[in-house]
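Numbering (the numbering used here), first residue to last: 10 to 196. As structure tokens, the structure follows; a few thoughts come after it.
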Amino acid sequence: MTARLNEEIVVPRGILTVYAGPMFAGKSAHLLVDHPDQEGSLCLAPAFDTRSGASIHSRVGLRRPARSISCWPSDFARFRHILLDEGHFMIAPHYTGDVVADIAKSLEAGIDISVAGLDTDFMQHDFDVMARLRVLADRYVPLTARCHVCEAPARWTAKKRQTGHVLETGDDDLYEARCDAHWAPPD
Ligand SMILES: [Zn+2]
10 MTARLNEEIV
20 VPRGILTVYA
30 GPMFAGKSAH
40 LLVDHPDQEG
50 SLCLAPAFDT
60 RSGASIHSRV
70 GLRRPARSIS
80 CWPSDFARFR
90 HILLDEGHFM
100 IAPHYTGDVV
110 ADIAKSLEAG
120 IDISVAGLDT
130 DFMQHDFDVM
140 ARLRVLADRY
150 VPLTARCHVC
160 EAPARWTAKK
170 RQTGHVLETG
180 DDDLYEARCD
190 AHWAPPD
């Protein structure tokens, strides 16, 4: 009889990087610049965010094709690195399941994950998904924008007018970055 080595295959956990901050802080740009397009990487964006079509794009003109998702991709294990933009949007009714649990599962499978998203909404309340990802992150990168009023570092998003929606896509027509002194709730 030959002895068989009972070798356990240990897969190193993937690395989770999180870029968080207000709007206009360059989150998507950091996501794309820090992680050049490579074989085995997959970009994900929310399905309902029609501003970008099927892509991750930044306001400085960077763009990379993405898969629009409303749940975690069933073929995630095929990839080495998954980039997720607008992570704060990945909640019901736009996302089926728990995106944080889906990301944790993918990290356990050895896949690197990088996420960009808003840490707080326009009322300065945490986005739950991003707060939970912060705890999980190997590398957490807080980003600031420039205050629309005084150009100081801004960590808040302000909404110019109340529309009744917490999750609403918009650009500088609807939102501005504001510093601690100049943030205010919408009129
Ligand atoms: Zn200011």
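For each residue, glycine too, the CB sits at the ideal point set by N, CA and C. Keep in mind it's a predicted model, so treat the numbers as computed, not measured.
#1: Taking Leu142 and Val27 to be in contact with their CB atoms under 8 angstroms, please state how far apart those CB atoms are, rounded to whole angstroms.
#2: Just tell me which of Lys114, Thr166, Ser37 and Asp196 has its CA closest to the CA of Ser83.
#3: Any chance you could list the alpha helix (DSSP H) runs of at least 4 consecutive residues sitting entirely within the stretch 80-121, in chain order?
#4: Can you tell me the Cβ-Cβ gap for Phe98 and Ile91, rounded? I've got them flagged as a contact below 8 angstroms.
#5: Considering only their Cβ atoms, is the gap separating Ala163 from Ala140 smaller than 8 angstroms?
#6: Is it buried or exposed for Pro45, if we count other Cβ within 10 angstroms and need 16 for buried?
#7: Cβ of Cys188 versus every heavy atom of ligand 1: is any distance shorter than 7 angstroms?
#8: Can you tell me where the alpha helix (DSSP H) with Lys36 in it begins and where it stops?
#9: Is the beta carbon of Ala154 within less than 7 angstroms of some heavy atom of ligand 1?
#10: In angstroms, rounded to a whole number, what distance separates the CA positions of Val124 and Gly106?
Looking at the atomic coordinates:
#1: Counting from one through the sequence shown, the residue named residue 142 turns up at place 133. Counting from one through the sequence shown, the residue named residue 27 turns up at place 18. With a Cβ gap of about 5 angstroms, Leu142 and Val27 count as contacting.
#2: Position 74 of the sequence shown holds residue 83. It is Lys114 whose Cα lies nearest to the Cα of Ser83.
#3: Listed in chain order, the alpha helix (DSSP H) runs fully inside the stretch 80-121 are 108-117, counting runs of at least 4 residues.
#4: Counting from one through the sequence shown, the residue named residue 98 turns up at place 89. Counting from one through the sequence shown, the residue named residue 91 turns up at place 82. Not really, about 16 angstroms apart at Cβ, beyond 8 angstroms.
#5: The sequence position of residue 140 within the sequence shown is 131, counting from 1. The sequence position of residue 163 within the sequence shown is 154, counting from 1. Contact flag unset, no.
#6: On the sequence shown, position 36 is the one that residue 45 refers to. The residue in question, Pro45, is exposed, as its Cβ has fewer than 16 Cβ neighbours within 10 Å.
#7: On the sequence shown, position 179 is the one that residue 188 refers to. Ligand 1 approaches Cys188 closely enough that one of its heavy atoms is under 7 angstroms from the residue's Cβ.
#8: By 1-based counting over the sequence shown, the position of residue 36 is 27. Run containing Lys36: Lys36 to Asp43, per the alpha helix (DSSP H) assignment.
#9: Taking the sequence shown and counting its residues from 1, the one referred to as residue 154 is at position 145. Not one heavy atom of ligand 1 falls within 7 angstroms of the beta-carbon of Ala154.
#10: The sequence position of residue 124 within the sequence shown is 115, counting from 1. The sequence position of residue 106 within the sequence shown is 97, counting from 1. Answer to the nearest angstrom: the Cα atoms are 17 angstroms apart.
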